[in-house]
Every structure is written in C-alpha cells, then in structure tokens.
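Take a look at the structure set out below.
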Amino acid sequence: DRPAVTLLGLGAMGRPMARALLGAGHPTTVWNRTPSRADELVAAGAIRADTVADAVTASPLVLACLLNYEVTYELLEPVTEHLAGRTLVNLSTGTPQEARDMAAWAAGRGIDYVDAGMMATPPMIGTEASLFLYSGSDTGFERYRPTLELFGVARHLGADAGRASLYDLALLSSMYAMFAGFLHGAALVSTAGISAADFAEAAGTFVRATSVSLPAAAELIDSGDYTTDVQSVDFNKAALDRIVQVSMDHGIGVDVVAPIKALLDRQVAEGHGAESFDRIVEGIKHPGP
Ligand code: NDP
Numbered sequence: 005d006r007p008a009v010t011l012l013g014l015g016a017m018g019r020p021m022a023r024a025l026l027g028a029g030h031p032t033t034v035w036n037r038t039p040s041r042a043d044e045l046v047a048a049g050a051i052r053a054d055t056v057a058d059a060v061t062a063s064p065l066v067l068a069c070l071l072n073y074e075v076t077y078e079l080l081e082p083v084t085e086h087l088a089g090r091t092l093v094n095l096s097t098g099t100p101q102e103a104r105d106m107a108a109w110a111a112g113r114g115i116d117y118v119d120a121g122m123m124a125t126p127p128m129i130g131t132e133a134s135l136f137l138y139s140g141s142d143t144g145f146e147r148y149r150p151t152l153e154l155f156g157v158a159r160h161l162g163a164d165a166g167r168a169s170l171y172d173l174a175l176l177s178s179m180y181a182m183f184a185g186f187l188h189g190a191a192l193v194s195t196a197g198i199s200a201a202d203f204a205e206a207a208g209t210f211v212r213a214t215s216v217s218l219p220a221a222a223e224l225i226d227s228g229d230y231t232t233d234v235q236s237v238d239f240n241k242a243a244l245d246r247i248v249q250v251s252m253d254h255g256i257g258v259d260v261v262a263p264i265k266a267l268l269d270r271q272v273a274e275g276h277g278a279e280s281f282d283r284i285v286e287g288i289k290h291p292g293p
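Numbering-wise, the sequence shown is residues 5 to 293 according to UniProt numbering.
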C-alpha cells in the first residue's frame, strides 16, 4: 500500500530522503546526474533509473531535490508528457516567484504541482526537528502526506505555490539574525580574551530562554497594539545605544547592531518610545523614504 516514489537528485539532502523512503518500505526509484551516488541506495533496495524519463514514469509521485529551479526545468522540460497526471514535489530552494512560475508551467502541462521548503540539514531528515513546508496543490499534498511526513513535520501553507518559499525565507531571516547577533557578541567578548566556546554556552542558554517570548511578541504584532509596561522602545534604545557605543570603543564593527538601533531611533522619533520594542516591526513593514 506504500505508493511508489521517484526521487531525482541524490545530493546531500536527496540521499537521506531516499533512505527514509526505503526504510518505510516505499518502492523507490532514483536518478542522479552522477550515477555512482545511487550505488549505496541501490544496495539498500532502490531501483536505479538510467534516464530521467524512466525515473518519472516509474511512480505517481516524483520528488525533485536538485540544486535549483534552472536545473529542475532543464531536466523536466524534455519529459513533461510523462509527468502529466503525476504529482511533482519540487524541494529545491528558490524565491516565491520561481515557485509560482513553476506552478504555472506545471499547470499548463497537466502536472499536479507542490512546492516545498526544507527547514532541515541532512542529518535532521526524518527527525522531529525537521520541518518541511509545502504549498501549491493540496490534493497532491493530502494524497501523499504520509509519505511526505517521513522527512519531518509536514505543513501545507496554502494553494499559492509561493507561500512555502516565502515562509522558508522568513524562518531563515530569524535564523541569520540570531546567528549574526551571536557572532557580534563573540567578537565583542573576544576583545577581553574570552573564547567563543565560553560565550556560546551562555549565549545558547540566553537565546533559548528569551525565545519563549516570541508568542507574546506575535500577539502585539497581530493586534497592532504595542502598549506595554515592560521592555519599551526607550528601554531597549538605551541598551542598543550602549552596545553600539561599547562596540565602537573596542574597535569592532557595528554592522549587525546599528540597524537595530536605527529601527529603535525611528520609533522614538515618531513618538512611540513608551510602546513595546516589538513596534520596530512597523518600521520594517513600512521602511522610511
Ligand atoms: P547538493 O549540491 O548536495 O546536490 C545537488 C544535486 O543537484 C545533486 O544531485 C546534483 O547532481 C544535482 N545537480 C546539480 N547540477 C545539476 C545539473 N546541471 N544537472 C543535473 N543534476 C544537477 O545539494 P543539496 O542536496 O544540499 O540541496 C538540494 C536543494 O536543497 C538545494 O536547492 C538546496 O538549496 C536545498 N536545501 C539544502 C539544504 C542543506 O542543508 N544541504 C537545506 C535546505 C535546503 P550530482 O550528484 O551529479 O552533482
């Protein structure tokens, strides 16, 4: 009762995905530009397809885990008549517009299209920490949901194929800002000879502890009411002013922290000093001239 699945692309992400499919007992057909990358999977029971056309015709569900959209078009354009009537899940990272364009391309060829964003690293595949975002065809997603859940938590975000990519990029924004903040901190303590390892331990605890306030911040953002009696713009502006000043005093760059100070300065200038720190999101949503 496990549907046959085809996987195109056996890179860092494709290989653990293939192992998850095989582990769950799916008949799994694989194709990769460099065929030797399939050897270990074939030994574990995968079927090797010699051509993309053979791969695509082997299964009703086709997963493409290739470098990018260009490579995906390049491989699939010549086999679209074989793809018609099947579900294509494209897992490569791109922009919302690339996803929408590929959805339109697929619709014009009778292909059921699901776009995906993988919030995981290769070792996370198949663990609870792995989150796979999907958008586009919900019939395709629902039909193959149990299969897609093998890779991690599976969330469908709506019919607009661009939504998975948008959400993916939003999550990555959170991650990059957090890592950049940590790196700024590591640079700052390094001026006193404190190691990054020492700092990482404390920073990890502090970031985990403070991240529990995200839902409370979200409530203010969703309501548009930034009234607060803790953590005002004024309070946080004083902290950012000190961070920027001390960083400059120690001769380290303020590239990471200066933009946060600028967002707070703008809220103060617009008369919102007593409101919550989270109000800087309004300055992000509506950048100044
Ligand atoms: P890899 O670089 O490990 O693998 C890329 C795959 O694309 C390989 O199968 C490669 O084939 C194939 N490929 C590249 N160029 C061509 C081409 N011109 N023709 C045919 N096949 C080609 O990438 P990943 O597996 O890491 O990533 C795949 C997608 O997943 C990317 O879009 C990436 O951004 C995204 N992603 C990756 C994450 C990660 O942690 N690695 C996390 C989240 C998303 P060959 O083996 O022959 O080189």
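Positions of the beta carbon are idealized from the N, C-alpha and C atoms, including for glycine.
Remember, predicted model here, so these are calculated numbers, not experimental data.
A straight line joining the alpha-carbon of A107 with that of R113 spans about 10 angstroms. Contact between A68 and T76 holds: their C-beta atoms lie close to 5 angstroms from each other, under 8 angstroms. When the Cα atoms are used, P100 and G208 turn out to be separated by approximately 32 angstroms. Setting aside the 5 residues that flank it on each side, L26 is surrounded in the same chain by T32, L45, A48, G49, A50, each with a C-beta closer than 8 angstroms to its C-beta; the list follows chain order. For F136, the secondary structure class from DSSP, reduced to helix, strand or coil, is strand. DSSP places H188 inside the alpha helix (DSSP H), whose first and last residues are 167 to 194. DSSP places Y230 in the coil class of the three-state scheme, outside both helix and strand. Secondary structure at G144: helix, using DSSP grouped into helix, strand and coil.
Counting only the Cα atoms, G130 lies some 39 angstroms from A262.
Where V250 is concerned, the enclosing alpha helix (DSSP H) starts and stops at 237 to 253.
Inclusion of G13 in the 7 angstroms shell around the ligand NDP follows from its C-beta lying nearer than that to a non-hydrogen atom of the ligand.
Residue burial is scored here from C-beta neighbours: T231 has fewer than 16 other C-beta atoms within 10 angstroms and is therefore classed as exposed.
DSSP places I51 within a strand segment (E or B) once states are collapsed to three. DSSP places R159 within a strand segment (E or B) once states are collapsed to three.
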